[in-house]
Amino acid sequence: EIQLQESGPGLVKPSQSLSLTCSVTGYTITSGYDWSWIRKFPGNKMEWMGYISYSGSTNYNPSLKSRISITRDTSKNQFFLQLNSVTTEDTATYYCARYSDYFDYWGQGVMVTVSS
Amino acid sequence: DIQMTQSPSFLSASVGDRVTINCKASQNINRYLNWYQQKLGEAPKLLIYNANSLQTGIPSRFSGSGSGTDFTLTISSLQPEDVATYFCLQHNSWPTFGSGTKLEIK
Chain S
3 EIQLQESGPG LVKPSQSLSL TCSVTGYTIT SGYDWSWIRK FPGNKMEWMG
53 YISYSGSTNY NPSLKSRISI TRDTSKNQFF LQLNSVTTED TATYYCARYS
103 DYFDYWGQGV MVTVSS
Chain Y
193 DIQMTQSPSF LSASVGDRVT INCKASQNIN RYLNWYQQKL GEAPKLLIYN
243 ANSLQTGIPS RFSGSGSGTD FTLTISSLQP EDVATYFCLQ HNSWPTFGSG
293 TKLEIK
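If you're matching them up, the sequences are chains S and Y in order. Letter by letter, the first sequence follows residues 3 to 118 of the working numbering. Letter by letter, the second sequence follows residues 193 to 298 of the working numbering.
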């Protein structure tokens with residue numbers, strides 16, 4: 003069974019960087035698909051943030067392009083999100099998900115609050 | 193970016209009712225539209241992909257229709273376990289989401 007699990011700090015200070023990990027079991031991230039980060043804001047608006055493909059190429063939401071980086075560790079079957087210079091508007095639940103024309107497997111999500 | 197306008201934002205219906213939720217795209221997205229269900233505290237679940245294809249394991253009371261800019265998710269006979277938030281997603285260009293519909297039982 004394919005499972006994704008997000009992990010990382012639940013509280014980040016403004017201007018700092020947000021770093022999250024998505025651990026994947028049941029499928030090797032270099033075998034196929036795009037591995038995405040999505041976030042859900044308070045009030046339920048959702049935003050696709052970007053992905054890293056099975057080959058290692060990346061694609062980012064243009065609205066985040068200057069602040070976001072998605073990388074991976076293939077030996078651990080994990081991929082990572084780094085979002086720089088966060089503000090309170092980055093407070094959200096962050097999800098990782100597998101993508102190929104649709105997001106078919108999602109993690110449970112991790113809530114991140116940006117606050118001093 | 194492509195804007196997705198979803199309606200209604202809230203829906204209350206009785207068990208057995210036929211329920212419809214709509215998404216309108218700001219430009220033609222062909223059939224590149226998916227529907228998801230999210231229950232409280234759970235990960236989103238894919239219901240429908242490419243506008244009208246039922247994901248494996250999803251009950252047949254769920255169906256999708258539409259193409260171009262206007263799309264509909266239909267639940268033919270509402271069940272208590274269908275209480276959830278439903279949202280659409282377009283992937284004609286980089287993915288964007290509808291604002292969600294919270295469905296409750298009357």
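Positions of the beta carbon are idealized from the N, C-alpha and C atoms, including for glycine.
Of all Cβ atoms in chain Y, is any one closer than 9 angstroms to the Cβ of residue i?
i, result
"P64 (chain S)", "yes"
"G109 (chain S)", "yes"
"F81 (chain S)", "no"
"N46 (chain S)", "yes"
"E91 (chain S)", "no"
"Y96 (chain S)", "no"
"E3 (chain S)", "no"
"Y29 (chain S)", "no"
"N61 (chain S)", "yes"
"Y35 (chain S)", "no"
"D103 (chain S)", "yes"
"D75 (chain S)", "no"
"W50 (chain S)", "yes"
Measure the beta-carbon distance from residue i to residue j and round it to whole angstroms, keeping in mind my assumption that it falls under 8 angstroms.
i, j, result
"V14 (chain S)", "L20 (chain S)", "5 angstroms"
"T90 (chain S)", "V116 (chain S)", "5 angstroms"
"I31 (chain S)", "W37 (chain S)", "6 angstroms"
"L6 (chain S)", "G109 (chain S)", "4 angstroms"
"P44 (chain S)", "T93 (chain S)", "7 angstroms"
Going by the DSSP bridge assignment, what does residue i pair with across the sheet?
i, result
"V14 (chain S)", "S:V116"
"A94 (chain S)", "S:V114"
"A99 (chain S)", "S:S38 and S:W108"
"K294 (chain Y)", "Y:F202 and Y:T277"
"G258 (chain Y)", "Y:F263"
"Y241 (chain Y)", "Y:S245"
Does residue i have its Cβ less than 9 angstroms from a Cβ in chain S?
i, result
"F234 (chain Y)", "One point to set straight first is that residue 234 (chain Y) is Glu, not Phe, in the sequence displayed. Answer yes: the Cβ-Cβ gap between E234 (chain Y) and chain S drops below 9 angstroms somewhere."
"G292 (chain Y)", "yes"
"P251 (chain Y)", "no"
"A263 (chain Y)", "Note that residue 263 (chain Y) is Phe in the sequence shown, not Ala. Not an interface residue."
"D193 (chain Y)", "yes"
"L295 (chain Y)", "no"
"F279 (chain Y)", "yes"
"F254 (chain Y)", "no"
"Q219 (chain Y)", "no"
"P287 (chain Y)", "yes"
"L246 (chain Y)", "no"
"N242 (chain Y)", "yes"
Where do the ends of the beta strand (DSSP E) carrying residue i lie?
i, result
"Y62 (chain S)", "T60 to Y62"
"K231 (chain Y)", "Note, K231 (chain Y): premise wrong, no beta strand (DSSP E); not H, not E."
"A205 (chain Y)", "F202 to A205"
"I194 (chain Y)", "From DSSP, I194 (chain Y) is part of no beta strand (DSSP E); its letter is neither H nor E."
"A276 (chain Y)", "A276 to Q282"
"I40 (chain S)", "D36 to K42"
"K216 (chain Y)", "V211 to A217"
"Y56 (chain S)", "No beta strand (DSSP E) holds Y56 (chain S); DSSP gives it neither H nor E."
"R74 (chain S)", "I70 to D75"
"Q84 (chain S)", "Q80 to L85"
"L270 (chain Y)", "First-last for L270 (chain Y): undefined, no H or E at that position."
Take the Cβ of residue i as the centre, count every other Cβ of all protein chains shown within 10 Å, and call the residue buried at 16 or more, exposed below.
i, result
"Q230 (chain Y)", "buried"
"N220 (chain Y)", "exposed"
"R100 (chain S)", "buried"
"L232 (chain Y)", "exposed"
"D274 (chain Y)", "buried"
"F8 (chain S)", "The identity of residue 8 (chain S) in the sequence shown is Glu, whereas the question assumes Phe. With 16 or more Cβ atoms within 10 Å of its Cβ, E8 (chain S) is classed as buried."
"D75 (chain S)", "exposed"
"R41 (chain S)", "buried"
"F105 (chain S)", "buried"
"P208 (chain Y)", "In the sequence as displayed, the identity of residue 208 (chain Y) is Gly instead of Pro. Exposed, by the Cβ-count rule."
"G58 (chain S)", "exposed"
"D324 (chain Y)", "Summary: the structure shown does not reach residue 324 (chain Y), with chain Y confined to residues 193 through 298, and so no result is reported for it."
"N63 (chain S)", "buried"
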